[in-house]
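**Student:** So the sequence lines, in the order shown, correspond to chains Y and R.
Its first residue numbered 1, the first sequence is counted upward by one per residue in the numbering used here.
Its first residue numbered 1001, the second sequence is counted upward by one per residue in the numbering used here.
Ideal Cβ placement from N, Cα and C applies to all residues, glycine included.
Remember, it's a predicted structure, so these values are computed and weren't measured experimentally.
Protein chains: 2
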Amino acid sequence: MEHYLQQVKSSSRILLSISSQERNRILREMAEALRLNATDILNANTSDMKRADEENLPLALKERLMLDKKRIEAMAIAVEEIAALKDPVGRIIDGWVSEAGLKIEKVSVPIGVIGIIYESRPNVTTDAAALCFKSSNGCVLKGGKEAESSNTVIMQVLQEVLARNSLPKELIALLPDSTREGVAKFIQMDQYIDLIIPRGGETLIQFVSKNATMPVIKHDKGQCHLYVDKDANILEAITIAINAKVQRPSACNSIETLLIDKEIAKEVLPIFKNRFEENQTILKGCRLTREIVYVAEATEIDFNTEYSDNILSICIVDGVHGAIHHITKFGSGHSESIITENITTAEIFMNEIDASSVYVNASTRFTDGGMFGFGAEVGISTSKLHARGPMGIEGLTTYKYKVYGRGQIRQ
Amino acid sequence: MEHYLQQVKSSSRILLSISSQERNRILREMAEALRLNATDILNANTSDMKRADEENLPLALKERLMLDKKRIEAMAIAVEEIAALKDPVGRIIDGWVSEAGLKIEKVSVPIGVIGIIYESRPNVTTDAAALCFKSSNGCVLKGGKEAESSNTVIMQVLQEVLARNSLPKELIALLPDSTREGVAKFIQMDQYIDLIIPRGGETLIQFVSKNATMPVIKHDKGQCHLYVDKDANILEAITIAINAKVQRPSACNSIETLLIDKEIAKEVLPIFKNRFEENQTILKGCRLTREIVYVAEATEIDFNTEYSDNILSICIVDGVHGAIHHITKFGSGHSESIITENITTAEIFMNEIDASSVYVNASTRFTDGGMFGFGAEVGISTSKLHARGPMGIEGLTTYKYKVYGRGQIRQ
């Protein structure tokens, strides 16, 4: 593995000398190659699906794993859309002349080689490869083992395009050893891998962030809250709460807990209960909630659980400070929202909550690269450094200073 | 230790509700307190110095450890200068209205709690504490054990100012267990420490970056190069080379290796040799160098060594691509400079070299927060993510998205 990763690293440097135009042309060729080789990809996917059936894997996993003509077309279009993005490398982020008369430019540059570990979704393979190639980074991909046949064929298709353009195949690499031991070794190879992005299960993410020796940008869980303040527009609050829980309960930006100001709890809880039950939401409540409406009990474990399902905990809190206290204790720093018409209360919440995205009077479901207008999304970072929250392709770049002198020496 | 760090973390949240004005007033009080307690600090420093004498510590270390009235005044002034900086928190970095009509603000916020591990320099204690306090971060400081008495008294002085202003003392904390085991435990406490900044020895930095479970911003070695191209102005090249090596050989932004284009080596090497020998520089050279001038042999080990002394390796390379090849193999990604009048050659070098700061026709000694015009310097990051190169106080912030809606839900 070490030798291979070394090759990936050294070949990744070639990306610095390919023009943006050239890179985009190759990306469009890749999209075309996905279409032309659809039959091979579908055959490989069929054998993945067969194995998934034999192993009785959950329906949700199989749904994500499955490919058809339409999905391959969507993958190809996504690659073309990435090709159409503005080049994230070479942006002059800042620039000035120093006291010594040096012209200093802060310029975006690729990170180097990026390792991405992800779920069994073959479309992530093409997305990740295209995003890294577009941003002039080498990449080493490790998809879920359930998608192994599909990923292998997809990678062959992409690598053939590289080879046809006289580029080393390793620019888009698949982790050669995808066992748990292989991954453990991989995340210690900081001399070749500059950044690891783990997506998917909590256990995997914990394992990677505890053991990786290179920087990690996590795409971890979303323990998101919606707080309904006493000064809320209640009708708006209900619409937003339903949207934030029900529209797509499996999404990380869906809420898990509804916090209600104690001053309005008696009045509004029965209405919330009705509307959620109309939407088949299973409700759980704190002690105070259960004195007002009949729901199951929510324990500390519930307040710590990302249900990823149409289940909602309710907790009555003492105003905005009570809400902040609860969120600070249980939140995962993903997305938090307050519903209030009071501008002071809103600002207290938005300033004191430590999360990637804080909302007033909107659904947490907007925490998303597309919704933010980023064009393509690498994911939603729950790390605090380098990239936080919805992560556009700029998140795959770092910067360097280019300093232009005329013979200056330091006094 | 865990309980204490937990306290640090929870008390750090209070910084979010102190105004910028209040924070600056407290910083100025701290500067004043340093002056008023100078005698106590000097007494503690005397006992540190006594121990250093008994243990026969190197002169350079003692020089950094030693305090006097003048140095304490300089520490106080540095704190006042940090107070005078623009608040790094609350900057609106970017802002736009999304398709759904959400107003999105990307705003700088503190990172949380920052751990800083550094050498036996008591002035770093006040600098680091003031920089973290200014940027609304809690901090846990771990200075070199040689400075323990000095640091303890300095911390007491700073913490008394906090207490006098009804703030928790833990906002500026000293690592309670400063043994190696203590540090090993500390760098795994990612639930309380959001970022670790190790400065100082290579072994320590390697240990921290391999074992820390939270993000690390390294202040690691500088294996810097100056490449003299065939199209260089040779007089300028000599002046810059002397400055980059001789002005302060112990600095991380000093060069360790001089690369010379083979096309001009014969002609210019004797001149370089003379000028360096006038400056007492010890020269070593590659095989080709030694065919032209008489110097000691430079091996691969030399090309990998940060001398931090007035010693210079010389290597003859095949044009700009040879220089890039050498730097890619041996450089540490700190600062690299090319001397050339040819704009195309300069751009090839500046684009293809992967380092925090790349120069044309200037000394690498300018890689420094002050020289870049940053006002206060946290250090010079050799990490690639979050902060790279000279790191101003903005490097101690991250960002969050504040999203203002009017009832928007996701379709």
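In the DSSP assignment, what residue or residues form a beta bridge with Y:Tyr307?
**Tutor:** To locate residue 307 of chain Y, count along the first sequence from 1; it is residue 307. Paired residues: none, contrary to the question.
**Student:** Can you confirm whether the segment 1220 to 1235 of chain R touches the segment 1276 to 1290 of chain R when touching is taken to mean that 3 or more C-beta pairs between the two stretches lie within less than 8 Å?
**Tutor:** Flag = no, the segment 1276 to 1290 of chain R and the segment 1220 to 1235 of chain R do not touch.
**Student:** Just the chain Y side, please: which residues come within less than 7 Å of R:His1386 by C-beta, in chain order?
**Tutor:** If you number the second sequence from 1, residue 1386 of chain R lands on position 386. Result: Leu385, His386.
**Student:** Any chance the segment 1067 to 1083 of chain R sits against the segment 1122 to 1140 of chain R, with 3 or more Cβ pairs inside 8 Å?
**Tutor:** Enough Cβ pairs lie closer than 8 Å, so yes.
**Student:** Determine the direct distance from the alpha carbon of Y:Gly370 to that of Y:Ser335, and round the result to whole angstroms.
**Tutor:** Your numbering for residue 335 of chain Y matches position 335 in the first sequence. Your numbering for residue 370 of chain Y matches position 370 in the first sequence. Going from the Cα of Y:Ser335 to the Cα of Y:Gly370 covers about 16 Å.
**Student:** Of the residues Y:Ile393, Y:Ile353, Y:Leu385, Y:Ser383, which one's Cα is nearest the Cα of Y:Phe372?
**Tutor:** Taking the first residue of the first sequence as 1, we reach residue 372 of chain Y at position 372. Per the Cα distances, Y:Ile393.
**Student:** Between the segment 28 to 42 of chain Y and the segment 139 to 157 of chain Y, do at least 3 Cβ pairs fall closer than 8 Å?
**Tutor:** Flag = yes, the segment 28 to 42 of chain Y and the segment 139 to 157 of chain Y touch.
**Student:** Curious, which full-length beta strand (DSSP E) runs of at least 3 residues does the segment 98 to 156 of chain Y contain?
**Tutor:** The qualifying runs are 103 to 110, 113 to 117, 138 to 142.
**Student:** In the DSSP output, which residue or residues are listed as bridge partners for R:Pro1198?
**Tutor:** Residue 1198 of chain R sits at position 198 when you count from the first residue of the second sequence. R:Pro1198 pairs with R:Ile1117.
**Student:** Need the endpoints of the alpha helix (DSSP H) that R:Leu1042 sits in, please.
**Tutor:** Taking the first residue of the second sequence as 1, we reach residue 1042 of chain R at position 42. It spans 1038 to 1054 - the alpha helix (DSSP H) in which R:Leu1042 sits, taken as one unbroken run.
**Student:** Would you list, in chain order, the members of the segment 389 to 404 of chain Y that have their beta-carbon closer than 7 Å to a beta-carbon of chain R?
**Tutor:** Answer in chain order: Gly389, Thr398, Tyr399, Lys400, Tyr401, Lys402, Val403, Tyr404.
**Student:** Please name the residues in the segment 96 to 127 of chain Y whose beta-carbon is closer than 8 Å to at least one beta-carbon of chain R, in chain order.
**Tutor:** The residues in question are Trp96, Ser98, Glu99, Ala100, Leu102, Ile104, Val109, Ile111, Gly112.
**Student:** Under DSSP, the alpha helix (DSSP H) around R:Pro1390 begins and ends at which residues?
**Tutor:** Along the second sequence, read from residue 1 onward, the residue named residue 1390 of chain R stands at position 390. Segment 1389 to 1391 is the beta strand (DSSP E) holding R:Pro1390; no alpha helix (DSSP H) there.
**Student:** Is DSSP giving Y:His386 helix, strand or coil here?
**Tutor:** Reading the first sequence from its first residue, position 386 is the one you call residue 386 of chain Y. Residue state, collapsed to three classes: coil.
**Student:** Mind checking whether R:Thr1126 and R:Met1075 have CB atoms under 8 Å apart?
**Tutor:** If you number the second sequence from 1, residue 1126 of chain R lands on position 126. If you number the second sequence from 1, residue 1075 of chain R lands on position 75. Yes, Cβ-Cβ distance for R:Thr1126 and R:Met1075 is below 8 Å.
**Student:** Identify each residue in the segment 217 to 246 of chain Y for which the Cβ-Cβ distance to at least one residue of chain R is less than 7 Å, and report them in chain order.
**Tutor:** From the segment 217 to 246 of chain Y, only Glu236, Thr239, Ile240, Asn243 have a Cβ closer than 7 Å to chain R.
**Student:** Tell me which residues share the same chain as R:Val1228 and place their Cβ nearer than 6 Å to its Cβ, disregarding the 5 neighbours each side in the sequence.
**Tutor:** What you label residue 1228 of chain R is simply residue 228 of the second sequence in a count that begins at 1. Excluding sequence neighbours, R:Val1228 sits near Ala1237, Ile1260, Ile1339.
**Student:** Roughly how many whole angstroms lie between the Cα atoms of Y:Leu269 and Y:Glu256?
**Tutor:** Residue mapping note: residue 269 of chain Y aligns to position 269 of the first sequence, counting from 1. Residue mapping note: residue 256 of chain Y aligns to position 256 of the first sequence, counting from 1. One C-alpha to the other measures close to 16 Å.
**Student:** Of the choices Y:Gly395, Y:Arg406, Y:Ala147, whose alpha-carbon is the least far from that of Y:Leu61?
**Tutor:** For the purposes of this step, residue 61 of chain Y is taken as residue 61 along the first sequence, with counting starting at 1. The option with the nearest alpha carbon to Y:Leu61 is Y:Ala147.
**Student:** Return yes when the Cβ of Y:Thr281 is within less than 8 Å of the Cβ of Y:Val317, no when it is not.
**Tutor:** By one-based count along the first sequence, residue 317 of chain Y stands at place 317. By one-based count along the first sequence, residue 281 of chain Y stands at place 281. Taking 8 Å as the Cβ cut-off, Y:Val317 and Y:Thr281 do not qualify as a contacting pair.
**Student:** For R:Asn1274, is the classification buried or exposed, using 16 other Cβ atoms within 10 angstroms of its Cβ as the cut-off for buried?
**Tutor:** Here the question's residue 1274 of chain R lines up with position 274 in the second sequence. Looking at its Cβ environment, which holds fewer than 16 other Cβ atoms inside 10 Å, R:Asn1274 is exposed.
**Student:** Which of the three DSSP states, helix, strand or coil, is assigned to R:Ser1313?
**Tutor:** In the second sequence, counting from the first residue as 1, residue 1313 of chain R sits at position 313. If DSSP states are grouped into helix, strand and coil, R:Ser1313 belongs with the strands.
**Student:** Please identify the residue among Y:Val403, Y:Arg410, Y:Gln411 whose C-alpha is closest to the C-alpha of Y:Gly95.
**Tutor:** Locating residue 95 of chain Y in the first sequence gives position 95, counting from the first residue. Ranking Y:Val403, Y:Arg410, Y:Gln411 by Cα distance to Y:Gly95 puts Y:Val403 first.
**Student:** May I ask you to report which of helix, strand or coil DSSP gives Y:Asn279?
**Tutor:** For this step, residue 279 of chain Y is matched to residue 279 along the first sequence. In the structure shown, Y:Asn279 sits in coil (DSSP, three-state: anything other than H, G, I, E or B).
**Student:** Would you kindly work out how many angstroms separate the C-alpha atoms of R:Thr950 and R:Ile1234, rounded to a whole number?
**Tutor:** Since the first and last residues shown for chain R are 1001 and 1411, residue 950 of chain R lies out of range.
**Student:** Measuring only the C-alpha atoms, how far is Y:Phe349 from Y:Leu385?
**Tutor:** Taking the first sequence and counting its residues from 1, one reaches residue 349 of chain Y at position 349. Taking the first sequence and counting its residues from 1, one reaches residue 385 of chain Y at position 385. Their Cα atoms are separated by approximately 22 Å.
**Student:** Mind listing, in chain order, the continuous alpha helix (DSSP H) runs of no fewer than 4 residues lying wholly within the segment 1347 to 1411 of chain R?
**Tutor:** Listed in chain order, they are 1369 to 1372.
**Student:** Is Y:Gly138 close to chain R? Criterion is C-beta to C-beta, closer than 8 Å.
**Tutor:** As a position in the first sequence, residue 138 of chain Y is number 138, starting the count at 1. Taking Cβ atoms only, chain R never reaches closer than 8 Å to Y:Gly138, which makes this a no.
**Student:** In this structure, how does DSSP classify R:Tyr1227 when only helix, strand and coil are distinguished?
**Tutor:** In the second sequence, residue 1227 of chain R corresponds to position 227, counting from 1. In this structure, R:Tyr1227 counts as strand in the three-state DSSP scheme.
**Student:** Which residues, taken in chain order from the segment 355 to 376 of chain Y, show a beta carbon closer than 7 Å to some beta carbon of chain R?
**Tutor:** Against chain R - using a Cβ distance shorter than 7 Å - the residues of the segment 355 to 376 of chain Y are Ala355, Ser356, Ser357, Val358, Tyr359, Val360, Asn361, Ala362, Ser363, Arg365, Phe366, Met371, Phe372, Gly373.
**Student:** Using a Cβ cut-off of 9 Å, pull out every chain R residue sitting near Y:Lys210, in sequence order please.
**Tutor:** Within the first sequence, the letter at position 210 stands for residue 210 of chain Y. Chain R residues near Y:Lys210: Gln1188, Asp1190, Thr1213.
**Student:** Could you check the C-alpha separation between Y:Ala212 and Y:Pro176 for me, to the nearest Å?
**Tutor:** Numbered from 1 along the first sequence, position 212 holds the residue referred to as residue 212 of chain Y. Numbered from 1 along the first sequence, position 176 holds the residue referred to as residue 176 of chain Y. Cα to Cα, the separation comes out at about 18 Å.
**Student:** In this structure, how does DSSP classify R:Ala1093 when only helix, strand and coil are distinguished?
**Tutor:** What you label residue 1093 of chain R is simply residue 93 of the second sequence in a count that begins at 1. The sequence shown places Ile at residue 1093 of chain R, rather than the Ala named in the question. Looking at R:Ile1093 - three-state DSSP - the assignment turns out to be strand.
**Student:** Grab me the residues of R:Gly1389's own chain with a C-beta within less than 7 Å of its C-beta, minus the 5 sequence neighbours each way, in chain order.
**Tutor:** Indexing the second sequence from 1 puts residue 1389 of chain R at position 389. Cβ neighbours of R:Gly1389 beyond the five flanking positions: Ser1356, Ser1357, Thr1367, Ile1380, Ser1381.
**Student:** Buried or exposed, going by whether 16 or more other CB atoms sit within 10 Å of the CB of R:Arg1023?
**Tutor:** Position 23 of the second sequence holds residue 1023 of chain R. It is buried - the Cβ of R:Arg1023 has at least 16 other Cβ atoms within 10 Å.
**Student:** Take Y:His3 as the anchor and find which of Y:His219, Y:Gln191, Y:Pro198 has the nearest alpha-carbon.
**Tutor:** Numbered from 1 along the first sequence, position 3 holds the residue referred to as residue 3 of chain Y. Of the listed residues, the one whose Cα sits closest to Y:His3 is Y:Gln191.
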